[in-house]
Structures are given as C-alpha cells and as structure tokens.
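So the protein lines, in turn, are chains A and B. Per the numbering used here, the very first residue in the first sequence carries number 5; after that it's consecutive. Per the numbering used here, the very first residue in the second sequence carries number -14; after that it's consecutive. Written below as structure tokens is the structure these notes are about.
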Amino acid sequence: MSNSILTDNIKTIEFDALIVGGGGSGMRASLELAKSGLKTAVVSKVFPTRSHTVSAQGGITCAIASADPDDDWRWHMYDTVKGADFIGDQDAIEYLCSEGPKAVFELEHMGLPFSRFENGRIYQRPFGGQSKDFGKGGQAARTCAAADRTGHALLHTLYQNNVKEGTNFLNEWFAVDIVKNSKEEVTGVIAFSIESGEVAYLKAQATVMATGGAGRIYASTTNALINTGDGLAMALRAGFPAQDMEMWQFHPTGIYGAGSLVTEGCRGEGGYLINKDGERFMERYAPNVKDLAGRDVVARSMVLEILEGRGCGENADHIFLKLDHLGADVLNSKLPGICELSRTFAHVDPIYEPIPVVPTCHYMMGGTPTNVNGQAFRRTNGNDSIISGLFAAGEAACVSVHGANRLGGNSLLDLVVFGRATGMHIQEELKSGGGVESSSKGDIDASLERLNKLNESTSGYETASVKRELQECMQNYFGVFRRGDFMEKGLNELAEIRHKVDNLHLKDKSSAFNTSRVEAIELQNLFEVAEATAISAFERNESRGAHARDDFPDRDDQNWLCHSFYDPINKKVSKREVNFAPTKVDAFPPIVRTY
Amino acid sequence: MLTNQLEVSMYRYNPEQDEFPYMKKYKIEKPARDIMVLDLLHLLKEEDESISYRRSCREGVCGSDGMNINGKNGLACITPISSVMKKNKIELRPLPGLPVIRDLVVDMTEFYAQYEKIKPFLQNNTTAPEQERLQSPEDRDKLDGLYECILCACCSTSCPSFWWNPDKFVGPAALLQAYRFIADSRDLETVERLDALSDPFSVYRCHGIMNCVSVCPKGLNPNKAIGEIKSMLLKSKKNIITSDGTN
C-alpha cells in the first residue's frame, strides 16, 4: 500500500441503506429494512454476535405489566425523566416508554429466551431508579430478563432473525470515514475489508451510525476493546456536532482490577454494597431506596466512602458487593453469569464471599444528536436542521432519552426502539423519493486522506503508548468527580496528545488482517470522542446527573437546564433547549432529585 | 531458561510474505500477577505489532478469541496463563481444522455456514398474540445449557468428525443450536428440523468423542444435545441406514 489510494482505483458498492455497526441497534434497523425490499447492508468490524450488546446482563426495562399487572409506561417515563436529571428530551422518552412494550414483545416472538414467571409471562426484576405511581408507590420490578445474559440473548436473537430475513452482512469490514457531497449530505463511507485489506466506497442513500459507545477513552471501563466510538468520531471529523458529551455513566459495580461489569440486577435481586466496616452505607446516602438509587448517586457515594478511608482491601481502594445471603439457588438460577465472571476475574465465589467492585466507566449518554426517527441534525441559526443521508441509533446516538444519567435496562430498550424507528423511517423516506445527490471524485478522495496518511507514515508515534496516555488523561481529569483547574490541565495534555494521534506510525503495512491498522484508526476515533467530552465537561459549570463538579456542586436549572451542543469545527459548546413537549402526557417539570 | 522468563511459541503466518506457516518464539518476563492469555497477547503485540488475533469483549461472552492453547482449544481472555503454562512455556496456535487467514485468525466461513444451515431462528407461523407467547418456567429451563452458546467454534474445531467433513457434518456448535430450537416449546417445526438432520452426515457423523464437551469455555454439553437429537430421530423411525452401509 505504498501508493495513495484514489477513488479511481477502488470499487464502489452501492446500497439504498447502509448500517455501520452490527450490534443491537444496527441489527434491529437492518431487520426492519431487510423486510422492506430496499438494498441494505450491515457493515461491521466484527462478526455481529461479537458486538458489545452481547455483554449486557441485567435486562431490558419496559412496562410490559408482567411483574405488576397495573404497571404503566407513564411511570417508566417519569422514572426515566427523573433519572436523566431532567435534560432528557421528553418527546423521545415518551416514544421510548410507550413504544417499548411492542418492541419487547416482538423480540419475544422472534425467539428471545426470556426467563419466565410461574404464569408463563416474561420475568421482570427490580432495577435502580424504578418506581410505581410516579415515585409515590414504592419500588417497581420492570426489567425484563433472560437470566443475567439478556444482551447475549437479545443480540443472538437479532442476528438469527437477520439470517432468517436474508440481511446482507459485510462482516469484518472497517468503516474509516464518512463521504459527503457538495451539499454537505452524507453519501456513504470509505471502508476496508479487514481480511483482505481491500478498500471500497460504500455508497448509500441512507447511512446509519450504529457503532455503539466509546468507553475505551477511559483507562478503567466495562466496555469491550472494540468500543472506540467509530461512528461518532467519523461524524465529528466530517464536521457534524455531538450532544451532551460530558455525560458519561460510571457503573457502580465494575470488578476491581478487571473492569468487567457486574449487573445492577445483583442489587435488584437483593444484593448490597458494604464498606470496610461491613456497613451498608447506601442507607446513609439514599435512605429510601438505598442500593437501588440512580447509578450516578451510587457511584459517587462509593467514591466518597473510599476517599473518606472506608474502602475495602489492603489499599482501601474498593467496595464490596455482598451477595452470599441470597443463597446458592438464587445465584445459580438468576445470576449464573455473574458467578462465572466473578470466579474468573475476581477469584471470588459470590456464593461465599463478597465481590470487590469499583465505579467504572460504562456508558456514553451523549452522541450524535438525532430526532426520534434516527435522523441526525446540526444547528443552523439556532434551529435543528436535518443532515440528509445521516442517521444514528443506540449508544452512538443522542436522541436524548438518557439525558444526564441513564437508568439501568434502558439501553437495550433504546437499541430496539430506536433501531426499529430508524429502519421504519428510512423505508418511508426512500420509498417516497428521498435520497441524496452523488459525491464527486474529489469528495471521495478527501475521505481517503486519513487512511492514506497512515498507510504512508514512515515515522511517528506508537499506537499502544499514545492510547495509554489518552486513557490515563481522561481517567485522571474527567472521571467521577471533576474540577475546573484539573480539567484545564487535562485539556492541555489533550492538545499534546492530539499532535501524536495525528502522527501515528503504522509500521506494519500489510493488507491481510492487519489489526494494527485497525487499532491506529480506532485510537484516532477515541481521541475525537475524548476531546468532545473534555471540552463539554469543562463548559458545564454545574453538577447534574453523571457530571459532578467539585467546584460547582449544585444543579443550576437557571443556566444549565439544557443540552450541551459541541461543534467540532470551532470546538465550541453552545446550548440547546430540552424538549418538554410530550404529546400523550403532561411534561414532567424539574424537581429536586432524591432517592 | 531463567525461571522468571516465559517462552511463548506462536504460530505465525502472513499470506503476503510467508510461503509456509512457522512457529516463532517470544521470550517475555513473567508477569508479576497471573494474567489471561489475551493479556499476554497484548503484551507481545506491543513488542511486535505484526501479530494478528481477534478479540472484543475480553470477558468470555463474545467468542472472538478462541484459539488452541498448549494443545487445547479455549478462549484466550478467560484462560489464566497459570492454568496452561508448562515449564514456563505456552504454545499458541489457531483453531485447528479451518483455513488460516493470518497468525491466530482462522476463516470461519464453513463454521457459520453450518450454523445457518440448521435454521437458527424460532419458527412459529401461528399468529403472534398481542403480548408475549407464554412459556412455563419448566419449558424455559429446557433451553438452559443451549442458548448460552457464544459461537466461538472451540468445540467444532476440536472435533475430528468436523475436521473430516466440515461441509457435511453440522458439527457440535450448530447441532447444539439445532437442539436449542427443537427444545423450545414455542417452535413448531420440530419434524422438519429433525428431517433436515436425518441424512448420514449431518448428525450421525458424531461418534461421541466428547472433545466438544471437554473444551467448551461456557461449560455446555453439545454431546448431550446431539444424543437427544439422535434419539428423537430414532423415535421418529427415520431410516438411518446410510448410503455406504454404515450407521
């Protein structure tokens, strides 16, 4: 690959709809499109069942009224709005919660092996932040589960049904950059086959970024190694905005040292956190719901316990999750995957001993801003304006149902509800004559630049060490607690890292299954996401949801009851109003958020 | 060799430059704490970026990093080096029986083709209810030990019958999934599913060698599922005399 790749010597493969990412949202969208007769392809850098959705454990939260026949999607909506600390868009949350049951029953009909109650209905367990009757009726049990392997069951079910419908997969193809046309519309992506190294222009009338999260911007994360924010980074590089990027969820229970997730379902089933004195400390921080408060609240409480010297272990740097009192029967039937993970990565059998855990980066609430149809948008003169040809769904998107803090079990619901909605909308749009104009050779060449630069590099920085530097920087300055002066230091470090990321040296120039090439591009993607995160976090001068500022400890509705809107071209953050206009219920006004 | 050194012998093959595959030796300081084989690969790749392997979840649920570790198939990410190291040596090879693309990466096309062949999706043509189809907890329990498969291919690529007939013998992984749908009270195509497996090769090439059971990183038992399929086929009185006279 010593000569530059140009449009003239690569293949163009044309589709109606192209979905980048083969996880839950991508495959739910593709399923919708495969049935429509439109020429659709899923391009995925891994075989689809290796996508990170597979790691979701506890379940999919939805008011299907199984555990409680009186359950109501409006209660779920209330919990989600409150969990989001009031900057989730209420039209989108309304759509999520009211359409949810349909989407979950469809999954069951497709074959998802949900656990069951005695009456044969889908098993539901309590999760954090769930209530009945708009917070007045006590704890709800609303999370539909397949043991503690719900993500695995969901992802495999979706893949299986895509096989059934004959979906076209480009597996182990890596999307590098978005191709635009002169009207700033999106006309597809540049991608290469990881197996052969062949580069192609995948041209499409509709391009969906379903590329998941980017938890690997932090040193300690529950996320898979592949979670490098590829779609969001491609959009940022193309000059398209990102929303609420300062909002990163730290999950209370990542296995200490390894980072693997321990589901909130453990606490839903009756497990609880203890400090070194054996005290169930969440009783102090959230007297009503204790260990089932919002994830941001629990994670901060744990960090405070550790900072105040009540952490467990030799270095007093973690917390224990106690499960042994639940008994072997419950653990083996309801939490078998956790028992397995805990034995493997913590060398602890939860039937007898508590699991050492620590708050760990888990979920990106921000992303490419979209409406409920999955259409990405930018801001023009203070108004949302649709970016033709570009869509996003799932964790890569910010339709904003999670606002400043996502509730447990809401991510899987987000995937299927908005994957489905995006698929339905694209179908409608393309069948009614919608689409984009073609790109010129020059446009396509421009999108090949980054790949060419890397392929032609003869000196520069090493991917592995620069990645470590980036992850440490984000962990140190943009973690659970944040402070202006620290973040300023972090931003300065990022400026230096930017130079290195732009000048990586790819020593191995081979074509066949060259994972070093993939990892170098992934690092560049991580950087774009990290930078957007850092700049947005520095701007939001308040504490809300997952964004906790030592120097601005209170929520400031006067100034910050809004989305942060990051423009990658001038690297500036502006404010965008939150939607308070659901159509079937009255909006939920902001109240003090306690648990 | 020094006792604080670890010797890793790795199968290397790059189709663009190597006529034949070869084993390459790497010496590395033994890590202070026990690490997984995948972590070891990360360390080696930092030294030699040309090493290629698949990985994703790094916690044993995605099935990307199946490989042959000191002679036995397993997932690199949940195999502690202490459990496989012999005299401070570890040998890493790609999964056996499939074409090698590069280094530890195999071409899994045939493996996935067998999976697709068993129609790995629920078939039920009755009108779906507005809510979920009901299933008793007892019927749901029948799926335990089946649905958890992660398609890592450790089992099928440890099976001599699959090595011999990867195109005709469905193999333990896909047969486990075939039984997962046969066992599902919601699936109505049991007869057709069994019929599709009744030829001399699809299921009958399993001779109970049990390598699949011994290597499955999720502790599943494909052999048992295959046994269930065989006895259901017998009960359905299918003709099991094969064309070459064996059975």
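Quick reminder that beta carbons are idealized off the backbone N, C-alpha and C, glycines included.
Asked, Found
"Reduced DSSP secondary structure (H/G/I, E/B, other) of residue 209/A", "strand"
"For residue -12/B, three-class secondary structure by DSSP", "coil"
"Through-space distance from residue 441/A to residue 78/A, alpha-carbon basis", "42 angstroms"
"Whether residue 221/A touches residue 530/A by CB criterion (8 angstroms)", "yes"
"Contained beta strand (DSSP E) runs [length at least 3] in the segment 281 to 359 of chain A, N- to C-terminal order", "323 to 326"
"Cα-Cα separation between residue 150/B and residue 103/B, rounded to whole angstroms", "16 angstroms"
"C-beta neighbour in chain B for residue 514/A, strict 8 angstroms", "yes"
"Buried/exposed call for residue 288/A, threshold 16 Cβ in 10 Å", "exposed"
"Chain A contacts made by the segment 65 to 90 of chain B, where a contact means CB separation under 9 angstroms", "65, 86, 87, 88 and 90"
"Residue range of the beta strand (DSSP E) that includes residue 191/A", "190 to 197"
"Per DSSP, cross-strand counterpart(s) of residue 165/B", "Beta-bridge pairing links residue 165/B to no other residue."
"Residue 347/A versus residue 145/A - alpha carbon distance", "28 angstroms"
"Chain B contact for residue 197/A (CB, 8 angstroms cutoff)", "no"
"Status (buried if at least 16 other CB within 10 Å, exposed otherwise) for residue 247/A", "buried"
"Short CB-CB distance (under 8 angstroms) between residue 229/A and chain B", "yes"
"Residue from 309/A, 118/A and 249/A whose Cα sits closest to the Cα of residue 533/A", "249/A"
"Cβ of residue 122/B within 8 angstroms of any chain A Cβ", "yes"
"Chain B contact for residue 517/A (CB, 8 angstroms cutoff)", "yes"
"Cβ-based contacts, 7 angstroms cut-off: residues of the segment 154 to 170 of chain A near chain B", "156, 157, 164, 165, 167 and 168"
"Beta carbon proximity, residue 188/B to chain A, threshold 8 angstroms", "no"
"Selection of the segment 455 to 480 of chain A by Cβ proximity to chain B, strictly under 9 angstroms", "466, 467, 468 and 469"
"Three or more C-beta pairs below 8 angstroms linking the segment 169 to 188 of chain A and the segment 443 to 452 of chain A", "yes"
"Span separating the alpha-carbon of residue 1/A from that of residue 577/A", "A query on residue 1/A cannot be resolved here, the shown segment of chain A reaching from 5 to 599 and no further."
"DSSP state of residue 209/B mapped onto helix, strand, coil", "helix"
"Closer than 8 angstroms at the beta carbon, the chain D residues around residue 368/A", "Included in the structure are the protein chains A and B, with no chain D among them."
"For residue 255/A, the residue or residues it bridges with in DSSP", "364/A"
"Residues bridged to residue 92/A (per DSSP)", "Looking at the DSSP assignment, residue 92/A forms no beta bridge with any residue, so it has no partner."
"Neighbourhood of residue 49/A by C-beta, 8 angstroms cutoff - its chain only, sequence neighbours within 5 removed", "176, 177, 178, 179, 198, 230, 234 and 522"
"Cβ distance (whole Å) where residue 87/B is taken to contact residue 49/B below 8 angstroms", "Contact doesn't hold; Cβ gap of about 15 angstroms is too wide."
"Any chain A beta carbon closer than 8 angstroms to residue 22/B", "no"
"For residue 70/B, three-class secondary structure by DSSP", "coil"
"Short Cβ contact (8 angstroms threshold) for residue 27/A with residue 159/A", "yes"
"Euclidean distance between Cα positions of residue 372/A and residue 568/A", "12 angstroms"
"For residue 189/B, the three-state DSSP class (helix, strand or coil)", "coil"
"Residue closest to residue 497/A, alpha-carbon to alpha-carbon, out of 591/A, 38/A and 475/A", "475/A"
"Where the beta strand (DSSP E) through residue 20/A begins and ends", "15 to 24"
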